[in-house]
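Participant:
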Amino acid sequence: MRVILYTGKGGVGKTTVSAATALRASELGHRTIVLSTDPAHSLSDAFAIQIGSKAKELGKNLYGEEIDVYKEITNNWGRIESYIKLLLESQGLNEVMAEELATLPGMEELFSLLKLLEFKQAETYDTAIIDCAPTASTIRLLSFPEIFQWYMDKFFNIGRKIAKIVRPAAEKLTRIPFPKDEVYASIEQVYLKMIKIKELLLDNSTTTIRLVVNPEKMVINESQRAYTYLNMFGFTVDAVVVNKIYPQEVNTSYLSNWLEIQNRHIKHISRLFHGTPIFKSILYDKEMVGTNALSKFAAGLFEDADPTACFNREPPVKITKKGNSFVLMIKLPGVNKEDISLLTSGDELIIKIKNFQRNLTLPRALQTRQIKEATTEDDWLKISFV
Ligand SMILES: Nc1ncnc2c1ncn2[C@@H]1O[C@H](COP(=O)(O)OP(=O)(O)OP(=O)(O)O)[C@@H](O)[C@H]1O
Ligand SMILES: [Mg+2]
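Residues in the sequence shown are numbered consecutively from 77, following the working numbering.
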């Protein structure tokens, strides 16, 4: 199964591009599903067909689904959530606050994505296109499995060992409710799913991410940050879509300045995402709603290309061997060296760029080595271990 995720700033055209990609894929004979993980679903609006939380046939080879996030949370997290609520309330937190804190940021959309594991196993579709929420949520969503795994390793493994020994006595003494075995069973299930979804999302022979941008300064800045964080977490961005470009024929005196501004931004985008293919679409004279409009949009955007192809396979995190030392390379174009901080702690390398952080568990070969130097060169951060 091929998985393509579209993300970008609010309103840039993510839903339109996702719908158009799915439509084109189905026309080329791929059994395709288009999903939205944004709780504010708008796939129905794009297709002008009411799509619900069950896969709905939208045409030959084409299905759509607007995932019911709350159902997915209850299924996967219900028991754990009840326990965390109990725990927080036992510490004097009121019910509403406890409820808020019992779900973690990034979790909602991620639980929607767990559907992919079912599709993969059942081999129902050749292609899944995901219309994600705006960039910030998508980054939280994609970094969630790793962070979740980290917490669970640090917290629950230890917690479980202690719980077995001290539960009855401790519960009386501390009035802290200890999790029951069924809570642990739920956690284990979620944990396993997280590992599987992380593998699926990081495997760039299956999954790639595409950034949708408009030729506007703030949109580009947000996308560049997103690109940095996606690279930092090892996700492959295989294409960039520049949408809503004014066509040349609107070169009236009123819009001529805009044409120039957009041209400048498009050049800037080519430099920023150098090495990643860029697809472009003009701003049409009406909204892109319904299959006719989406089909026209897809033809303009992809021309003869099959949009399910992987347009760039270079992984953004690589390890190479150079003589006696190893070099860990991370693709970070446009990032200032001063904004990067590195720290090793046990078997982890902690990489911080502005307010984002990744605790990268180092491969065994690097764990016993020390960082000799870190340099930035040709868009790559290179960390040498000796
Ligand atoms: N190239 C285009 N030409 C004309 N209209 C477009 C184009 N691209 C998108 N639109 C229209 O712009 C509006 C916003 O697009 P869309 O809903 O796809 O954006 P989005 O990024 O998914 O927004 P949100 O962040 O709210 O989910 C829609 O009405 C859509 O039909
Ligand atoms: Mg949308």
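For each residue, glycine too, the CB sits at the ideal point set by N, CA and C. Since we're looking at a predicted model, the values are computed, not measured.
Which stretch, first to last residue, makes up the alpha helix (DSSP H) that contains residue 162?
Facilitator: Here the question's residue 162 lines up with position 86 in the sequence shown. Start and end: 145-166.
Participant: Going by DSSP in three states, residue 212 sits in which element: helix, strand or coil?
Facilitator: In the sequence shown, residue 212 corresponds to position 136, counting from 1. Helix.
Participant: Report the rounded CA-to-CA distance for residue 404 versus residue 425, giving the unit in angstroms.
Facilitator: Here residue 404 refers to the residue found at position 328 of the sequence shown. Here residue 425 refers to the residue found at position 349 of the sequence shown. Approximately 11 Å, taken between the alpha carbons.
Participant: Using beta-carbon positions only, say whether residue 118 and residue 143 come within less than 8 Å of one another.
Facilitator: In the sequence shown, residue 118 corresponds to position 42, counting from 1. In the sequence shown, residue 143 corresponds to position 67, counting from 1. Not closer than 8 Å, so no.
Participant: Does ligand 1 have even one heavy atom less than 7 Å from the beta-carbon of residue 88?
Facilitator: One-based indexing of the sequence shown puts residue 88 at position 12. Yes, since a heavy atom of ligand 1 falls inside the 7 Å radius drawn around the Cβ of residue 88.
Participant: Once DSSP output is grouped into helix, strand and coil, what is the label at residue 357?
Facilitator: Along the sequence shown, one-based indexing puts residue 357 at 281. Three-state DSSP puts residue 357 in a strand.
Participant: For residue 434, which of helix, strand or coil comes out of DSSP?
Facilitator: Taking the first residue of the sequence shown as position 1, residue 434 is located at position 358. Three-state result, residue 434: strand.
Participant: What did DSSP end up calling residue 295 once you bin it into helix, strand or coil?
Facilitator: In the sequence shown, counting from the first residue as 1, residue 295 sits at position 219. If DSSP states are grouped into helix, strand and coil, residue 295 belongs with the helices.
Participant: With the cut-off set at 8 Å, would you say residue 266 and residue 156 are in Cβ contact?
Facilitator: Locating residue 266 in the sequence shown gives position 190, counting from the first residue. Locating residue 156 in the sequence shown gives position 80, counting from the first residue. Yes, Cβ-Cβ distance for residue 266 and residue 156 is below 8 Å.
Participant: Just curious, the alpha helix (DSSP H) that residue 371 is in, first and last residue?
Facilitator: Translated into positions along the sequence shown, residue 371 becomes position 295. Here the alpha helix (DSSP H) through residue 371 covers 367-378.
Participant: Is the beta carbon of residue 106 less than 8 Å from the beta carbon of residue 202?
Facilitator: As a working mapping, residue 106 is identified with position 30 in the sequence shown. As a working mapping, residue 202 is identified with position 126 in the sequence shown. Taking 8 Å as the Cβ cut-off, residue 106 and residue 202 qualify as a contacting pair.
Participant: Does the region 90-100 come within contact of the region 179-194, defined as at least 3 CB pairs closer than 8 Å?
Facilitator: No, because fewer than three Cβ pairs between the region 90-100 and the region 179-194 fall closer than 8 Å, the two stretches do not touch.
Participant: Please list the terminal residues of the continuous beta strand (DSSP E) segment that includes residue 395.
Facilitator: Taking the first residue of the sequence shown as position 1, residue 395 is located at position 319. Note, residue 395: beta strand (DSSP E), 393-398.
Participant: Does the region 357-374 come close enough to the region 318-330 to have 3 or more Cβ pairs within less than 8 Å?
Facilitator: Touching, per the Cβ criterion.
Participant: In the DSSP output, which residue or residues are listed as bridge partners for residue 142?
Facilitator: Translated into positions along the sequence shown, residue 142 becomes position 66. DSSP, once it has assigned bridges, lists 112 as partnering residue 142.
Participant: State the Cα-Cα distance for the pair residue 272 and residue 434, rounded to the nearest angstrom.
Facilitator: Translated into the one-based positions of the sequence shown, residue 272 becomes position 196. Translated into the one-based positions of the sequence shown, residue 434 becomes position 358. Whole-angstrom Cα-Cα distance: 19 Å.
Participant: Is the closest heavy atom of ligand 1 to the C-beta of residue 214 under 7 Å?
Facilitator: Here residue 214 refers to the residue found at position 138 of the sequence shown. False, no ligand heavy atom lies under 7 Å from that Cβ.
Participant: According to DSSP, residue 316 sits in a beta bridge with which residue or residues?
Facilitator: Here residue 316 refers to the residue found at position 240 of the sequence shown. Bridge partners of residue 316: 287, 354.
Participant: Is residue 465 near ligand 1, in the sense that its beta carbon is under 7 Å from a heavy atom of that ligand?
Facilitator: Residue 465 lies beyond the range of the chain shown here (77 to 462); nothing can be said about it.
Participant: Would you kindly report the start and end of the unbroken alpha helix (DSSP H) that includes residue 194?
Facilitator: Here residue 194 corresponds to residue number 118 of the sequence shown, with the count starting at 1. Residues 191-198.
Participant: Express the C-alpha separation of residue 183 and residue 298 in angstroms, rounding to a whole number.
Facilitator: Taking the first residue of the sequence shown as 1, we reach residue 298 at position 222. Taking the first residue of the sequence shown as 1, we reach residue 183 at position 107. Looking at the two C-alpha atoms, the distance is approximately 22 Å.
Participant: In three-state terms, what does DSSP make of residue 364?
Facilitator: As a working mapping, residue 364 is identified with position 288 in the sequence shown. Correct three-state label for residue 364: coil.
Participant: Give me the DSSP bridge partner(s) of residue 135.
Facilitator: Numbered from 1 along the sequence shown, position 59 holds the residue referred to as residue 135. DSSP, once it has assigned bridges, lists 138 as partnering residue 135.
Participant: Say whether the region 366-374 touches the region 415-432, bearing in mind that this needs 3 or more beta-carbon pairs closer than 8 Å, one atom from each stretch.
Facilitator: The answer is no - the region 415-432 does not touch the region 366-374, with fewer than three Cβ pairs under 8 Å.
Participant: For residue 385, name the three-state secondary structure that DSSP assigns.
Facilitator: Translated into the one-based positions of the sequence shown, residue 385 becomes position 309. Coil, per DSSP.
Participant: Mind checking residue 170: buried by the 16 CB within 10 Å criterion, or exposed?
Facilitator: Translated into positions along the sequence shown, residue 170 becomes position 94. So residue 170 counts as exposed.
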